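K.L.:
Residue numbers (the numbering used here), protein chains in the order written: chain U, 1 to 177; chain X, 1001 to 1177.
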């Protein structure tokens, strides 16, 4: 059943934030490998960090991204399903920086983001050709038809298909309650 | 500019996964405090874990959630902006379980999820009345008009408004490139 509380009307799951070591490979990966669009970049020079907001325009509205900075910002922060990448300046050239924690080894917490795709096998063939690192290929293990890849910081990204995962889940799935 | 690679047509940012200690307070929080809808629950008894997929139906399609388990699953895994909560059975009653890592102390990585709301102050007054823990109230610090709250596991949730954050960003925002 859907929620009945009018106090939360208009709430939108806008963003998922992950820290990145270096925006150059991360923007290349999310824009060119995963096909996201960079909606907004925000630089805070006095605090030495930048934010990058990426998403799939086709996931929500079929309208052009606004071209003025303020209109673009108002648009960005009303959307759902954006990825926010935080770059603290300097990590990209700091040899002592140990990298960020992906959450899947102790201490665990956050696990992954997931992209639903029309064809997991075709997507993964292309990822292999592009040199993407895999945690799990589609035919590895018992969960056939879904994959996990790594982004440049090592964060896990599930690659799934709605029909395949429905077949996998089988009798395990129940409706929300 | 939007991405030009047809190989990623149809990609959807479907899910963000976080592990939770106990589904009872977490489902109460995400459904009743944040107003999300539970789309799908998946139980894997042989592996002793359950998955809960939640989202805002109003963020994408204005159609009823399908009522058969398979149709519900195919629907769920085509949506954008879902939260996936993973519950490894037993943690909720294990006194030795130390809890999950929110990613904002060392080792850092994932930072937060963010909810865009029509009125940050009104949302936060209600959160206070409901006993929600705050990391930052809307008027704390220099970033006026945005808040951070904690979910039952301590994960940070930014509460933001598109107009307020546009005013805050001011000249720091630039278009994607």
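C-beta atoms are modelled at their ideal positions from N, C-alpha and C, and glycine is treated no differently.
Note that the structure is a prediction, hence the values are computed from the model and not measured.
Determine, using beta carbons only, whether residue 127(U) and residue 135(U) come nearer to each other than 8 Å.
P.N.:
Their beta carbons are not under 8 Å apart, which means residue 127(U) does not touch residue 135(U) by this criterion.
K.L.:
Just grab the DSSP bridge partners of residue 15(U) for me.
P.N.:
According to DSSP, residue 15(U) bridges with 82(U) and 1114(X).
K.L.:
Ends of the beta strand (DSSP E) at residue 1120(X)?
P.N.:
Per DSSP, residue 1120(X) belongs to no beta strand (DSSP E); it is in the alpha helix (DSSP H), 1120-1129.
K.L.:
Tell me which residue opens and which closes the alpha helix (DSSP H) that residue 1168(X) is part of.
P.N.:
Residue 1168(X) -> alpha helix (DSSP H) spans 1162-1169.
K.L.:
Listed in chain order, which residues of the region 1080-1097 of chain X have Cβ atoms closer than 9 Å to some Cβ of chain U?
P.N.:
Listed in sequence order: 1080, 1081, 1082, 1083, 1084 and 1086.
K.L.:
When the cut-off is 8 Å and only beta carbons count, does residue 1143(X) lie next to chain U?
P.N.:
Closer than 8 Å: no.
K.L.:
Do residue 54(U) and residue 38(U) count as a contact pair if the criterion is CB distance below 8 Å?
P.N.:
Taking 8 Å as the Cβ cut-off, residue 38(U) and residue 54(U) qualify as a contacting pair.
K.L.:
Taking 8 Å as the cut-off, does the region 1086-1100 of chain X touch the region 84-94 of chain U (at least 3 CB pairs, one atom from each stretch)?
P.N.:
No: the two stretches stay apart, fewer than three of their Cβ pairs being nearer than 8 Å.
K.L.:
Cβ atoms of residue 169(U) and residue 146(U): under 8 Å apart, would you say?
P.N.:
It is not a contact, given that the beta carbons lie outside the stated cut-off.
K.L.:
Chain X partners of residue 166(U), CB-CB under 8 Å?
P.N.:
In chain order: 1070, 1073, 1074 and 1077.
K.L.:
Using a threshold of 8 Å, state whether the C-beta atoms of residue 83(U) and residue 1013(X) are closer than that.
P.N.:
A contact, by the Cβ cut-off of 8 Å.
K.L.:
Strictly below 9 Å CB to CB, what residues from chain X border residue 7(U)?
P.N.:
Near residue 7(U) (Cβ distances below 9 Å), the residues of chain X are 1035, 1122, 1123 and 1126.
K.L.:
Against chain U, does residue 1109(X) count as a neighbour if the rule is that its beta carbon must be under 8 Å from one of theirs?
P.N.:
Taking Cβ atoms only, chain U reaches closer than 8 Å to residue 1109(X), which makes this a yes.
K.L.:
Do the CB positions of residue 110(U) and residue 1110(X) come within less than 8 Å of each other?
P.N.:
Contact flag set, yes.
K.L.:
Alpha carbon to alpha carbon, how far is residue 1068(X) from residue 1115(X)? Give it in angstroms, no decimals.
P.N.:
If you take the alpha carbons of residue 1115(X) and residue 1068(X), they lie about 29 Å apart.
K.L.:
Kindly list the residues whose CB is nearer than 7 Å to the CB of residue 103(U), restricted to its own chain and excluding five residues on each side of it in sequence; keep chain order.
P.N.:
If we look at residue 103(U) and ignore the five residues flanking it on each side, its Cβ neighbours are 109, 110 and 111.
K.L.:
Would residue 1131(X) count as contacting chain U if we go by Cβ distances under 8 Å?
P.N.:
No, because no Cβ of chain U sits closer than 8 Å to the Cβ of residue 1131(X).
K.L.:
For residue 58(U) and residue 1009(X), what's the separation of their Cα atoms in angstroms?
P.N.:
Approximately 9 Å, taken between the alpha carbons.
K.L.:
In terms of residues, what are the limits of the alpha helix (DSSP H) holding residue 28(U)?
P.N.:
Here the alpha helix (DSSP H) through residue 28(U) covers 23-28.
K.L.:
Check for me: the beta strand (DSSP E) holding residue 147(U) runs from which residue to which?
P.N.:
Start and end: 147-150.
K.L.:
Between residue 101(U) and residue 1023(X), how many whole angstroms is the CB-CB distance? I'm expecting something under 8 Å.
P.N.:
Residue 101(U) to residue 1023(X), Cβ: 24 Å. No contact.
K.L.:
For residue 1130(X), count neighbouring C-beta atoms within 10 Å of its own C-beta (all shown protein chains included) and say buried if the count is 16 or more, exposed if not.
P.N.:
Exposed, because fewer than 16 other Cβ atoms sit within 10 Å of the Cβ of residue 1130(X).
K.L.:
Smallest Cα separation from residue 1056(X): which of 1017(X), 1011(X) and 1081(X)?
P.N.:
Minimum Cα distance to residue 1056(X) is reached at 1081(X).
K.L.:
Which stretch, first to last residue, makes up the alpha helix (DSSP H) that contains residue 1009(X)?
P.N.:
From DSSP, residue 1009(X) is part of no alpha helix (DSSP H); its letter is neither H nor E.
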